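Worksheet: one structure, shown below.
In this note's numbering, the protein residues as written are 6 to 724.
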């Protein structure tokens, strides 16, 4: 019997849209994570775009879910604006004031001034008041020395009013506000407006690196803002943990100029808690952290939270929820829990080069089968262990190779695919021994071949490599000893499986070898390859890693194929570790087979919309070359679109709607389905594949199509 199992995950990269003389929007990056929730474009005002004196940086993948903003072409803004002959003289405006104004062809802008202090956090709103007018408001803020420091055209795609939101003044002095219209003097829109200036300084709390803050998210107050001072080159961690209620945290980091740099919803191994990991600050200045919830203003979760920002290498001092992203102290064990919802927990500790450490994870309650992974400061896996003492997991006498903050992933056997749950005790201690009771990860490179061995005591080997988002790779393992039945698993450094293969269908001479073919990496970073065995036939093997094609610009982003709700499924409920359509043999009996594919939608990049989406079924294997001729067209149904994972089932549904019918393996256009899912805040899409009512081919052998790598691909474009 042979099986195929494939998972796809993806993160996104994005860019901003700004006037020609401004540098591009700075973007951040996170380590490879599972796909996080994607909120709807909300009515939250857009982050104000502002110039910066730092050099533009290379854009990197970022796990964000910023509401998309429709931007029209923006006029060039000079560093200093002076009123035209038709503009009235500047008018004083004070914090808390709302002033009426009018824009027409004779007076295309109005000037206002106010006095502000360094550190004041201001919000400025320009709102059209005549519903019959066509005014398209535009706001510009000029510093005391004449530099344009902030501007805004549209609050969001459905609101042409202008807002400069929560901007922190960089100096003390007199500021100038220009209330104008899109394209200013060249514009054609006219109408009445109100201008409001607010001082939000009291609403934004100061946060010192290394300290924590607590507050409560409610429907009445769906976000809290905190500021901290950072230096260019500082690498920081930001964690936002729910400590009560139903809160589903979301954390957003804004630059000193108010641009969104990075956000995170659900971090790996932390359940619904949010974590921005190892982000490097691009410039000196005062940064803003927005502590909010999934779907922001449109969300429904409420509860208390704890927020901390920590300079990497600095210890996070106060963890209220130990199982969710704690700092682990030498000699001070803590307790955590593994559940079906949270199959892994991530912990941090500061280590130094040459230090020898041991980690022990012990079951306290339940049927938990512990599993440990140690990750280096650069995100590369160092070692892992399953059974150290009985079913407990341990990493014994591991010598650290660099200074920095290390991560320990505490999980269970089979990780996301596992079933054991329970509480555990996790301890870290400094040792001086030389025995290493762990599987040490072996670094490899693209286009390399290496030899390994599976023994009765070492049944898994782990290899790590660094790749780029969009790299297309092939991993191949061949047994060099008789009767070896090998399995391959590709994971990120945190043990989240991306793709698995049991049999090499491209090698009919020895199908029990394994091959991951033409897989596209979802993110920049380090990956781990696991070589394991299906049967207890030990021996040597060869492993090759090939770069088939280097990353290209603007690759698609991918949905995550959910492992628990995606499977081959027979007509009487038997499951298969692969995606088979046709008929299959179970215990000598032939059964009709179909497949369920469940995807979690990825976050869309900021300022991007969906151009096209497809369910790519192009890579398949035919067990019988006449399968399409004999079975007819393969039908693709959409079972439904769902908001929460607990709404999903691994079952066929008669009420499913037909999406397409195929006479060969090819992509299926699902653009409207995906667009409607994002619009309705529905994060999961479930498809079923099958042949219609055609009798089985009763020949005692499998007859059908095996989908080797079914991908949900989304192609985006700028606004």
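Virtual Cβ for every residue (Gly too), placed ideally from N, Cα, C. This one's a predicted model, so the numbers in the text were calculated from it and none came from an experiment.
Item: For residue 228 and residue 127, the rounded distance between their alpha carbons; Value: 17 Å
Item: Run of the beta strand (DSSP E) containing residue 684, from where it starts to where it stops; Value: Per DSSP, residue 684 belongs to no beta strand (DSSP E); it is in the alpha helix (DSSP H), 676-684.
Item: Burial state of residue 87 (16 or more Cβ within 10 Å); Value: Note that residue 87 scores a pLDDT of 39, beneath 50, so its modelled location is shaky and nothing firm can be said.
Item: Between the CA atoms of residue 431 and residue 371 - distance to the nearest angstrom; Value: 15 Å
Item: Best match in 168, 283, 197 for proximity to residue 112 [C-alpha to C-alpha]; Value: 197
Item: Collapsed DSSP secondary structure at residue 228 in the structure displayed; Value: coil
Item: Per-residue DSSP class, three states only, for residue 420; Value: helix
Item: For residue 632, the first and last residue of its enclosing alpha helix (DSSP H); Value: 632-636
Item: C-alpha distance - residue 737 paired with residue 160, whole-angstrom precision; Value: Because the chain here runs from 6 to 724, residue 737 falls outside it and cannot be looked at.
Item: Nearest candidate by alpha-carbon position, reference residue 384, set 294, 524, 532, 298; Value: 532
Item: Classification of residue 186 by the beta-carbon crowding that lies within 10 angstroms, buried from 16 upward; Value: buried
Item: Option in 237, 267, 708, 344 with minimal Cα separation from residue 590; Value: 708
Item: Between the CA atoms of residue 257 and residue 142 - distance to the nearest angstrom; Value: 27 Å
Item: Close Cβ partners of residue 464 (< 7 Å) along its chain, the five nearest in sequence each way excluded; Value: 537, 538
Item: CB contact flag (residue 345, residue 293, <9 Å); Value: no
Item: Helix, strand or coil at residue 651 [DSSP, three-state]; Value: helix
Item: Residue 189 (DSSP reduced to helix, strand or coil); Value: helix
Item: Through-space distance from residue 334 to residue 610, alpha-carbon basis; Value: 37 Å
Item: Buried versus exposed, by CB contacts within 10 Å (16 or more), residue 567; Value: buried
Item: When 636, 420, 616 are compared against residue 494, the one with the closest alpha-carbon; Value: 420
Item: Alpha-carbon spacing of residue 26 relative to residue 555, whole angstroms; Value: Legend: pLDDT at residue 26 = 33, less than 50; position of this residue unreliable, value from coordinates given subsequently. Roughly 32 Å separates the two Cα atoms.
Item: DSSP state of residue 568 mapped onto helix, strand, coil; Value: helix
Item: The beta strand (DSSP E) enclosing residue 277, as first and last residue numbers; Value: First-last for residue 277: undefined, no H or E at that position.
Item: Contact check, residue 605 vs residue 688, beta carbons under 9 Å; Value: yes
Item: Assigned secondary structure, residue 578 (DSSP; H/G/I helix, E/B strand, else coil); Value: coil
Item: Length of the line joining the Cα atoms of residue 553 and residue 526; Value: 12 Å
Item: Between the CA atoms of residue 204 and residue 105 - distance to the nearest angstrom; Value: 19 Å
Item: One or two residues paired with residue 174 in a DSSP bridge; Value: Partner(s): none; residue 174 has no beta bridge.
Item: As assigned by DSSP and simplified to three states, the class of residue 544; Value: strand
Item: C-beta contact flag for residue 574 and residue 622 at 9 Å; Value: no
Item: Rounded straight-line distance, which links the Cα of residue 456 to that of residue 362; Value: 29 Å
Item: C-alpha distance - residue 683 paired with residue 646, whole-angstrom precision; Value: 10 Å
Item: Local conformation of residue 70 per DSSP, three classes; Value: Only weak support exists for where residue 70 lies, its pLDDT of 40 falling under 50; the value from the coordinates is given anyway. If DSSP states are grouped into helix, strand and coil, residue 70 belongs with coil.
Item: Reduced DSSP category for residue 301 - H, G, I as helix; E, B as strand; rest coil; Value: helix
Item: Continuous beta strand (DSSP E) stretch holding residue 499: start and end; Value: Run containing residue 499: none; DSSP gives neither H nor E here.
Item: Residue 307 and residue 221 closer than 9 Å at C-beta; Value: yes
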